[in-house]
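Structure, as C-alpha cells:
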Amino acid sequence: MIKASPKLKGFNIPGLQKRVLVSLFADDTALYLSKEDRYDDVKELLDKWCLASGAKFNISKTEIIPIGSQEHRDTIIRTRKINQNDREPLDQNIRIAKDKDATRYLGAWIGNHVDNIGPWETTLETIEANFKMWAKAHPTLNGKSLIVQMNAGGRTQFRAKVQGMPDHVEKELIKIIRNFIWDGKHTPPVAMDQLYRPRAEGGIGLLDIKTRNKAIQITWLRAYLDLSPTRPKWAFITDLLVNKIIPKGFNDVATINTFLQTWNPVLQGKRTNFLGQETINMFKVAKEFNTTFAALKITKDLKEQLPAWYHLGAPKPKTMKH
C-alpha cells in the first residue's frame with residue numbers, strides 16, 4: 000500500500016529508476032519521507048492496513064530520525080510534526096531522535112552526530128571479561144588463537160561491517176588481544192605481526208584485526224564499484240556526496256565516478272565532515288590497494304559508455320575549467 004501510494008514521494012535519487020520510500024527486513028520497516036510527505040497520509044494508510052488485516056500497529060516502537068538541515072531537524076523536534084501541514088503532532092509514544100541520540104536499526108546505531116564509540120564500549124568490555132575467564136584454563140597459544148577468533152572476531156565482525164570500527168577502538172581491541180595472548184606481559188616474547196602469519200611461516204594464524212577491518216572496507220568498495228543493475232541504493236547516494244567534494248578546478252556537472260575518470264575526491268578537511276568516516280576510509284583503502292579501472296580489451300560499446308569528461312584515456316590534467 001505504501002509503495003503504491005501517490006501521496007508519498009520519498010526520495011528520487013539520480014541513477015535510480017525507483018524512488019527510495021520504504022525498506023523491509025523481517026519485521027523491521029524503514030520509511031523514508033521527504034519534506035513534502037505528511038505523516039497524516041502515512042497514518043491513514045497504516046489504519047487501512049490494520050483494519051483490513053486485523054493487525055495492530057505498535058505505535059510505541061515507532062522511532063523518527065529527522066534528516067536534512069539543522070533548522071529542519073530542530074523544527075521537527077520542537078513541533079513534533081514531520082510536515083508542518085500535518086493536522087496533529089506525533090503521538091507522544093513516538094520517539095524523535097535528537098542530535099547525538101543513537102537509534103538501533105538492523106544491528107547498527109544510526110542518527111545525527113551520534114557517538115560511534117558508545118556501542119563499542121560494551122563490546123570491548125564483554126570481550127575482555129571473556130578473555131579473563133578463558134585465561135583461567137591456561138590455554139596454549141594455538142588454543143588462544145582459536146579463542147580470539149571466536150570471542151574477539153565473532154563479537155566484532157558484524158558490527159565492524161555495519162557500524163565501522165573507529166581507529167582507537169581498533170587499537171584498544173588489539174591491545175586486549177595482545178594482553179590475553181601474553182598474559183599481560185609488558186614485553187611480548189614474539190611480535191604480533193609474526194603471530195598473524197600462518198603456522199607454515201612460524202605464526203599461529205592469529206586474527207589480525209587491522210587487516211580484517213580493511214577486508215571489510217574492501218567488501219563495501221566492491222559493492223560501490225558494482226555498476227550493474229543490482230548496484231545497491233546507498234552507492235548512488237554516495238556518488239552524490241562524493242561529487243560534492245571534488246577538487247577545485249573541476250566541473251561538478253561533468254564529474255560522475257572517480258574510478259571511471261581522472262579526478263580524485265578530497266579526503267581530508269572540513270569539506271569531508273558530511274561524508275562520514277566510513278566512506279572516507281573506503282576510499283582510503285581503495286587508494287592504498289591501487290584500485291583502478293583496468294581491462295585487457297574494451298569493446299567499442301563499452302568505450303562509448305565511459306564518461307567523456309575527464310576520460311581515463313586522456314592525459315591527467317592538473318586543472319580543467321569550463
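Numbering (numbering that gives the first Met the number 0), first residue to last: 0 to 321.
For each residue, glycine too, the CB sits at the ideal point set by N, CA and C.
Predicted model only: the values in this text are computed from it and were never measured.
For residue j and residue i, the rounded distance between their alpha carbons
| i | j | result |
| --- | --- | --- |
| Ser33 | Gly152 | 39 Å |
| Ser144 | Ala159 | 20 Å |
| Arg94 | Arg79 | 10 Å |
| Arg18 | Ser227 | 18 Å |
| Gln83 | Thr125 | 45 Å |
| Ala285 | His71 | 35 Å |
| Leu140 | His112 | 41 Å |
| Leu15 | Tyr31 | 15 Å |
| Lys2 | Thr74 | 27 Å |
| Lys302 | Leu45 | 49 Å |
| Leu240 | Phe273 | 8 Å |
| Leu7 | Leu20 | 8 Å |
| Ile245 | Gln69 | 24 Å |
| Glu200 | Asp300 | 47 Å |
| Gly268 | Met191 | 33 Å |
| Lys247 | Glu287 | 23 Å |
| Gly202 | Asp114 | 37 Å |
| Pro264 | Lys283 | 10 Å |
Beta carbon of residue i nearer than 8 Å to that of residue j
| i | j | result |
| --- | --- | --- |
| Gly106 | Phe24 | no |
| Pro231 | Gln162 | no |
| Asn212 | Met149 | no |
| Ala136 | Asp182 | no |
| Arg331 | Asp85 | The requested residue 331 does not occur in the structure, where the chain is confined to residues 0 to 321. |
| Glu169 | Ile208 | yes |
| Ile12 | Ile236 | yes |
| Ile175 | Glu127 | yes |
Neighbour flag for residue i against chain C, beta carbons, 8 Å
| i | result |
| --- | --- |
| Ser227 | Checking the listed chains, one finds no chain C in this structure; it contains a single protein chain. |
Among the options, nearest to residue i - alpha-carbon criterion
| i | options | result |
| --- | --- | --- |
| Leu220 | Leu140, Asn92, Thr257 | Thr257 |
| Ala234 | Ile64, Met281, Glu127 | Met281 |
| Met0 | Arg18, Val41, Ile175, Glu200 | Val41 |
| Arg103 | Thr291, Asp225, Ala29 | Ala29 |
| Asp225 | Lys2, Phe292, Leu44, Asn263 | Phe292 |
| Lys99 | Ala128, Trp48, Asn92, Ile116 | Ile116 |
| Met132 | Thr122, Phe179, Asn289 | Phe179 |
| Glu62 | Ser52, Ile244, Ala101, Arg198 | Ala101 |
| Thr186 | Gln193, Asp192, Leu194, Arg177 | Arg177 |
| Ile217 | Asn289, Ile297, Ser4 | Asn289 |
| Pro5 | Asp27, Ser22, Glu35 | Glu35 |
| Gly142 | Gly204, Met191, Asp300 | Gly204 |
| Ile81 | Lys47, Glu43, Asp39 | Asp39 |
| Thr210 | Asp166, Gly275, Phe10 | Asp166 |
Local conformation of residue i per DSSP, three classes
| i | result |
| --- | --- |
| Leu194 | helix |
| Thr122 | helix |
| Met319 | Note that Met319 has pLDDT 47, beneath the 50 cutoff, so the model's placement of it is unreliable and the number below is only indicative. The answer is coil: DSSP assigns Met319 none of H, G, I, E or B. |
| Asn289 | coil |
| Phe24 | strand |
| Arg221 | helix |
| Ala29 | strand |
| Glu35 | coil |
| Ile75 | helix |
| Phe157 | helix |
| Glu87 | coil |
| Ala107 | strand |
| Val19 | strand |
| Ile66 | coil |
| Thr298 | coil |
| Arg230 | coil |
Rounded distance between the beta-carbons of residue j and residue i, thought under 8 Å
| i | j | result |
| --- | --- | --- |
| Lys97 | Ile76 | 6 Å |
| Leu123 | Leu89 | Going by Cβ atoms, the distance from Leu123 to Leu89 rounds to 36 Å, so no, they are not a contact pair. |
| Ile279 | Leu266 | 5 Å |
| Ile146 | Asn92 | Actually they do not touch by this definition, with Cβ atoms about 44 Å apart. |
Any non-hydrogen atom of the ligand NAP closer than 7 Å to residue i Cβ
| i | result |
| --- | --- |
| Gln193 | In the structure shown, the ligand NAP is absent, as is every other ligand, since no ligand is present at all. |
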